[in-house]
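In our numbering, the protein residues as written are 892 to 1137.
To keep things clear, I will list the structure first and then write my remarks on it.
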């Protein structure tokens, strides 16, 4: 089978629908065969109980099993890239009743931003992977904090981890959670971005979002006996340069 034929086969809508269904069944297998802990869940529950929206952020490598962090019946939508991987992810999470907004910080961002604002006005919770779709790993783009400033809606970070997993050698070190594990969902505290904050302050909130999400993710790994995944090398170099400059 040639590479060209395999590429066309994978891009087929029928094949993608089939794969997305298999992925959904796999995520359900992981969830129902594992023992789960939920840490700081009172934070999202306060929004869900009041029917209020929030901007939920999680790293791109934690996408698998993330749909299970939502309470069933909550109105939710996730920002997905325009890449074919994004289309596959979109089809998969639709099985959970979670909608999608297509776009990214580099392509279609204006239209995606408008759609997310509309969803928030309709009391939807909006999910964003701030380092997606291309990284660098664990470096937050400014999109979520700008959306929080624009709407006045707080950001809440979340992470998921399992005691059994496979780490792929992709740019984000994507985590494949394995069945029969101990799992943990860890929520951060709300990050409120003032609607009158300056661009300089906005960068400080972006850094706060980034560090808090790193901490939340590391905490979920530690609860499951896993070693936290290291930062992207370019990100580490940037941090070292900033420390030397300061």
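We put the CB at the ideal spot given by N, CA and C, even for glycine.
Just so you know, the alpha carbons of residue 1021 and residue 914 end up roughly 23 angstroms apart.
In the DSSP assignment, residue 1046 forms a beta bridge with 946, 1082. Distances from the alpha-carbon of residue 971 to those of 1077, 961, 962, 985 put 985 closest. For residue 911, the CB contacts under 7 angstroms within the same chain, skipping 5 residues up- and downstream, are 979, 982, 983 in chain order. Check the Cα spacing between residue 1112 and each of 1075, 926, 1097: the tightest is with 1075. Between residue 1018 and residue 967, the CB-CB gap stays under 8 angstroms.
Taking every protein chain shown into account, the CB of residue 955 has 16 or more other CB atoms within 10 angstroms, so this residue is buried. Within the same chain, and ignoring the five residues on either side of residue 1123 in sequence, the residues whose Cβ sits closer than 8 angstroms to its Cβ are 1026, 1027, 1028, 1029, 1030, 1062. Secondary structure at residue 1056: strand, using DSSP grouped into helix, strand and coil. The criterion of a C-beta distance shorter than 8 angstroms is satisfied by residue 944 and residue 1011.
Classified as buried, residue 1096 has 16 or more neighbouring CB atoms from the shown chains inside 10 Å of its CB. Membership of residue 971 in the beta strand (DSSP E) is indicated by the continuous run 967-971. Among the bridge pairs identified by DSSP, residue 930 is matched with 1077.
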